[in-house]
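Peer 1:
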């Protein structure tokens with residue numbers, strides 16, 4: 153491959169990655185909305201926010217459905233970060249509305 | 153909301169999250185395939201794998217397109233993890249095939 157062809161191919165790959173990232177972002181925001189809904193239900197019913205068992209289920213779902221080529225360990229670490237960010241969000245909401253207080 | 157209705161609503165939310173996660177996973181694997189393609193082109197043309205400028209562009213794309221409700225900082229931290237995992241993948245491939253060696 154000539155250097156010129158390589159530069160063109162790389163630019164094309166980067167456009168594809170940017171488009172994938174925007175779709176990832178949209179899905180992450182959709183996930184955030186569902187997590188917020190969970191938080192509202194739990195606060196209303198004074199249920200515990202943090203459920204380690206559920207986090208294990210999420211990671212199991214990820215491990216079981218990873219078709220590759222991304223390694224399972226890499227997928228788990230990415231989802232651990234996602235879970236962690238969403239837990240922080242729920243904690244902040246809980247503090248803002250008062251522990252277990254009905255909105 | 154009764155406790156029973158809450159439990160049902162939470163189960164429904166969790167199913168939605170699991171479905172979103174499977175879509176996220178499919179997109180992350182699609183992204184991995186493009187990153188692998190970039191790696192192949194770069195190795196063939198002996199171009200540098202690590203490009204901090206490009207990583208900044210990826211994070212800028214994320215910040216600019218985050219419609220919320222997820223916070224921009226949270227989105228950036230998630231994508232920093234994604235970039236980091238894919239950089240590790242490229243590094244491992246590079247070591248496996250030899251630095252700059254044509255596959």
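Chains as they are written, first to last, in the numbering used here: chain C, 153 to 255; chain B, 153 to 255. Where is the CB? At the ideal position from N, CA and C, for every residue including glycine. Just so we're clear, the structure is a prediction, and the values are computed from it rather than from any experiment.
Residues of the segment 181-196 of chain C in Cβ contact with chain B at a cutoff of 8 Å, in chain order, please.
Peer 2: Flagged, chain order: 181, 182, 183, 184, 185, 186, 187, 188, 189, 190, 193, 194, 196.
Peer 1: Can you find the residues in the same chain that come closer than 6 Å, C-beta to C-beta, to residue 207 (chain B), ignoring five residues on each side of it along the sequence?
Peer 2: So the list reads 235, once near-sequence residues are dropped.
Peer 1: Which of helix, strand or coil does DSSP assign to residue 215 (chain C)?
Peer 2: Three-state result, residue 215 (chain C): helix.
Peer 1: In its own chain, which residues sit with a C-beta less than 7 Å from the C-beta of residue 181 (chain C), not counting the 5 before and 5 after it?
Peer 2: Contacts found: none.
Peer 1: At the 9 Å Cβ level, is residue 204 (chain C) part of the contact set with chain B, yes or no?
Peer 2: So, not an interface residue.
Peer 1: Looking at chain B, is there any beta carbon in it that lies within less than 9 Å of the beta carbon of residue 201 (chain C)?
Peer 2: So, not an interface residue.
Peer 1: Compare the C-alpha of residue 243 (chain C) against each of C:201, C:221, C:213 and name the closest.
Peer 2: Of the candidates C:201, C:221, C:213, the one whose C-alpha sits nearest the C-alpha of residue 243 (chain C) is C:201.
Peer 1: So, for residue 226 (chain B): in the same chain, excluding its five sequence neighbours on each side, which residues have a beta-carbon less than 7 Å away from its beta-carbon?
Peer 2: Nothing meets the Cβ criterion.
Peer 1: For residue 223 (chain C), which three-state DSSP category applies?
Peer 2: Residue 223 (chain C) falls in the coil class under three-state DSSP.
Peer 1: For residue 210 (chain B), return the contacting residues in chain C, with the cut-off set at a CB-CB distance below 8 Å.
Peer 2: The contacting residues are 169, 170, 173.
Peer 1: Looking only at C-alpha atoms, which of B:239, B:233, B:248 sits nearest to residue 237 (chain C)?
Peer 2: Looking at the Cα atoms, B:233 is the closest of the given residues.
Peer 1: Using only the alpha-carbon positions, how far apart do residue 212 (chain C) and residue 229 (chain C) sit?
Peer 2: Computed Cα separation, rounded: 12 Å.
Peer 1: DSSP three-state label for residue 197 (chain C), please.
Peer 2: In this structure, residue 197 (chain C) counts as coil in the three-state DSSP scheme.
Peer 1: Counting contacts by CB-CB distance shorter than 9 Å, is residue 247 (chain C) in contact with chain B?
Peer 2: Answer no: the Cβ-Cβ gap between residue 247 (chain C) and chain B never drops below 9 Å.
Peer 1: Can you tell me the Cα-Cα spacing of residue 199 (chain C) and residue 169 (chain B), whole angstroms?
Peer 2: The alpha-carbon atoms of residue 199 (chain C) and residue 169 (chain B) are separated by roughly 19 Å.
Peer 1: With a CB to CB cut of under 8 Å and the five nearest residues on each side skipped, what residues in its chain are close to residue 253 (chain C)?
Peer 2: Note on residue 253 (chain C): pLDDT 43, under 50, position unreliable in the model; the coordinate value appears next. Excluding positions up to five away in sequence, the list reads 195.
Peer 1: Candidates C:219, C:167, C:153, C:203: which alpha carbon is nearest residue 210 (chain B)'s?
Peer 2: Checked all of C:219, C:167, C:153, C:203; the closest Cα to residue 210 (chain B) is C:167.
Peer 1: From the DSSP output, in three-state form, read off residue 246 (chain B) for me.
Peer 2: Note: residue 246 (chain B) maps to helix in three-state DSSP.
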